[in-house]
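Numbering-wise, the working numbering puts 1 at position 1 of the sequence shown, and it's gapless, one number per residue. Every residue gets a Cβ at the ideal spot worked out from N, C-alpha and C, and that includes glycine. Note that the structure is a prediction, hence the values are computed from the model and not measured.
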Amino acid sequence: MNTYASIAFKDNELFGTYQPPKMPEENVVKDKVEDQKGTFNWMTYGEYGMMIDRCRTVLKDIGKCVVY
1 MNTYASIAFK
11 DNELFGTYQP
21 PKMPEENVVK
31 DKVEDQKGTF
41 NWMTYGEYGM
51 MIDRCRTVLK
61 DIGKCVVY
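Have a look at this one:
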């Protein structure tokens, strides 16, 4: 399902991480501080698919290295 979703919706946003606004310096007058809003950094389905593929490859290679 991950494979097909990452192909079909490659450019759509999937996960977002919130970046809060920068804190004002201590010397700034508090009355003049504008309301700043944070932003979201988005990961697309395509980026998620690439990360899953990398993880799958690493786990597969680790399984080959185990010697009993």
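query                                                                                                                     : result
Alpha carbon to alpha carbon, how far is M1 from K22?                                                                     : 38 Å
Compare the C-alpha of Q36 against each of A5, Q19, A8, C55 and name the closest.                                         : Q19
Taking Cβ positions, are G63 and F40 nearer each other than 8 Å?                                                          : no
Classify G38: buried if its beta carbon has 16 or more other beta carbons within 10 angstroms, exposed otherwise.         : exposed
Does the distance from the C-beta atom of G49 to that of T3 stay below 8 Å?                                               : yes
Work out the CA separation of W42 and V58 for me, nearest whole Å.                                                        : 24 Å
Taking only the alpha-carbon atoms, compute the straight-line gap between T44 and A8 and give it to the nearest angstrom. : 11 Å
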